[in-house]
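Peer 1: Residue numbers (our numbering): 1 to 264.
Okay, here's the structure, questions in a sec.
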Amino acid sequence: MSQHFKETPHNAITDSGIARVIPCKELDAGDPLKWLSLGLQDLLRTPLLSVFYGVIFAAIPWFISYLVAMTGWHLIILPSIVCFMLIGPFLAAGLYDISWEHEKGHKPTLSHSLGAIRRNAVNEWGFGILLMVLMIFWLRVASLIHALYPQHQIESLESLMPFLMLGTGVGAVFCVGMFFITAFTQPILLERKVDLATAVMTSINAVWVNKVPMFIWAGIIFSVVAIGFVTGFIGFIVLMPLLGYASWHGYIDAIETKRERDFV
1 MSQHFKETPH NAITDSGIAR VIPCKELDAG DPLKWLSLGL QDLLRTPLLS VFYGVIFAAI
61 PWFISYLVAM TGWHLIILPS IVCFMLIGPF LAAGLYDISW EHEKGHKPTL SHSLGAIRRN
121 AVNEWGFGIL LMVLMIFWLR VASLIHALYP QHQIESLESL MPFLMLGTGV GAVFCVGMFF
181 ITAFTQPILL ERKVDLATAV MTSINAVWVN KVPMFIWAGI IFSVVAIGFV TGFIGFIVLM
241 PLLGYASWHG YIDAIETKRE RDFV
């Protein structure tokens, strides 16, 4: 584990007074690759559990695409994504629990990983609802942007450029904001009995303090998810558990504890 850390500098986040902010360590640019390596080790040590969660992650976008193709009703995407935003944290908690069990020297089990969400259930549900609200907000903004540029007005690439630039810019800002909020919130809630505001503010602070390594990590996540889509979601069977395990190791590396972890 990375041991090279300093006192977290004061900034607008830690001084905001909105919630307690757990101090973070200073990461190296190469740490995200280390997290992937450790995540791969967890995947290879627990292939069946990994495939179980991976199949669920792959089935959800496949099922959404199937419903859209079968009904031709694209509005079905919204309720489907809302449902996914509510159950996504539960799936992620199961993957984090598997890595956590490996760290403790225990043998991970399906029942133990499925029960992980109960350790901080109220705040985990709150996190799922927060993700749902943010996703609905983004879908509404995207609909508004699309309404500003009716299809009949788009007759050439030149006329399409303002639409593409606006959509890409707003989408990029939204994705960056989501990354700050979600990078470490879920594993914090899993391991520690803290409130949602503390977990979110800690995640935001950790990403802000470690901008370079964390945006390298964001690039890795984007690339892995893109590969999953290119492979028709089949790649998610392996890639999503890999990202889940690696994210847990990133959390262990990034967020400080008052005393060394003594796993038994």
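Just so it is clear, CB atoms sit at the ideal spot from N, CA and C, and this is done for glycine as well.
None of the values given here were measured: they were computed from a predicted structure.
#1: For a test of the three-state rule: what should DSSP assign to Arg20, helix, strand or coil?
#2: Less than 8 Å between the CB atoms is what I'm expecting for Tyr96 and Trp217, so what's the real figure, rounded?
#3: Based on the DSSP secondary-structure assignment, which residues constitute the bridge partners of Ile255?
#4: How many angstroms separate the CA atom of Gly169 from the CA atom of Ile145?
#5: Please name the residue in Val212, Lys258 and Arg259 whose C-alpha comes closest to that of Gly30.
#6: Is there contact here, the region 215-230 with the region 121-133, by at least three beta-carbon pairs under 8 Å?
#7: Is the Cβ-Cβ distance between Phe236 and Ala58 less than 8 Å?
#8: Are three or more beta carbon pairs between the region 36-52 and the region 102-116 nearer than 8 Å?
#9: Use the C-beta contact count for Thr71: other C-beta atoms within 10 angstroms, 16 or more gives buried, fewer gives exposed.
#10: Check whether the Cβ atoms of Ile268 and Phe90 lie closer than 8 Å to each other.
#11: In three-state DSSP terms, what is Val265?
#12: Just to confirm before moving on: does the CB-CB distance between Met214 and Val21 stay below 8 Å?
#13: Buried or exposed, going by whether 16 or more other CB atoms sit within 10 Å of the CB of Ser99?
#14: Is the beta carbon of Ile252 closer than 8 Å to that of Ala206?
#15: Per DSSP, what kind of secondary structure is Arg192 in: helix, strand or coil?
#16: Tell me whether Phe222 is buried or exposed, calling it buried when 16 or more other Cβ atoms sit within 10 Å of its Cβ.
#17: In whole angstroms, what is the alpha-carbon distance linking Arg259 and Ala172?
#18: Kindly indicate which three-state DSSP category Phe47 falls into: helix, strand or coil?
#19: Would you mind giving the Cβ-Cβ distance between Leu196 and Arg119, rounded to the nearest angstrom? I have them listed as a contact below 8 Å.
#20: At which residues does the alpha helix (DSSP H) containing Arg140 begin and terminate?
Peer 2: Inspection of the coordinates gives the following:
#1: Here residue 20 corresponds to residue number 20 of the sequence shown, with the count starting at 1. Here Arg20 sits in coil by DSSP.
#2: If you number the sequence shown from 1, residue 96 lands on position 96. If you number the sequence shown from 1, residue 217 lands on position 217. Incorrect: roughly 16 Å between the Cβ atoms, too far for contact.
#3: Start at 1 with the first residue of the sequence shown, and residue 255 comes out as number 255. The partner list for Ile255 (beta bridge, DSSP) reads Cys24.
#4: Position 169 of the sequence shown, counted from the start, is the residue given in the question as residue 169. Position 145 of the sequence shown, counted from the start, is the residue given in the question as residue 145. Distance between the alpha carbons of Gly169 and Ile145 is about 11 Å.
#5: Residue 30 sits at position 30 when you count from the first residue of the sequence shown. Of the listed residues, the one whose Cα sits closest to Gly30 is Val212.
#6: no
#7: As a position in the sequence shown, residue 236 is number 236, starting the count at 1. As a position in the sequence shown, residue 58 is number 58, starting the count at 1. A contact, by the Cβ cut-off of 8 Å.
#8: yes
#9: By one-based count along the sequence shown, residue 71 stands at place 71. Exposed, by the Cβ-count rule.
#10: In the structure as shown, the chain starts at 1 and stops at 264, and residue 268 therefore has no counterpart that could be examined.
#11: Residue coverage of the chain in this structure runs from 1 to 264, which leaves residue 265 outside it and unanswerable.
#12: To locate residue 214, count along the sequence shown from 1; it is residue 214. To locate residue 21, count along the sequence shown from 1; it is residue 21. For Met214 and Val21, no; Cβs fall outside 8 Å.
#13: Position 99 of the sequence shown, counted from the start, is the residue given in the question as residue 99. It counts as buried.
#14: As a first step, residue 206 is located in the sequence shown; it is residue number 206 there, counting from the start. As a first step, residue 252 is located in the sequence shown; it is residue number 252 there, counting from the start. For Ala206 and Ile252, no; Cβs fall outside 8 Å.
#15: Taking the sequence shown and counting its residues from 1, one reaches residue 192 at position 192. If DSSP states are grouped into helix, strand and coil, Arg192 belongs with coil.
#16: Locating residue 222 in the sequence shown gives position 222, where the first residue counts as 1. The residue in question, Phe222, is exposed, as its Cβ has fewer than 16 Cβ neighbours within 10 Å.
#17: Start at 1 with the first residue of the sequence shown, and residue 259 comes out as number 259. Start at 1 with the first residue of the sequence shown, and residue 172 comes out as number 172. Roughly 38 Å between the two C-alpha positions.
#18: The sequence position of residue 47 within the sequence shown is 47, counting from 1. For clarity, residue 47 is Pro in the given sequence; the question names Phe instead. DSSP places Pro47 in helix when its eight states are reduced to three.
#19: Along the sequence shown, read from residue 1 onward, the residue named residue 196 stands at position 196. Along the sequence shown, read from residue 1 onward, the residue named residue 119 stands at position 119. At roughly 14 Å, the Cβ-Cβ gap does not stay under 8 Å, so Leu196 and Arg119 are not in contact.
#20: Taking the first residue of the sequence shown as 1, we reach residue 140 at position 140. That run of the alpha helix (DSSP H) goes Ala121 to Leu148.
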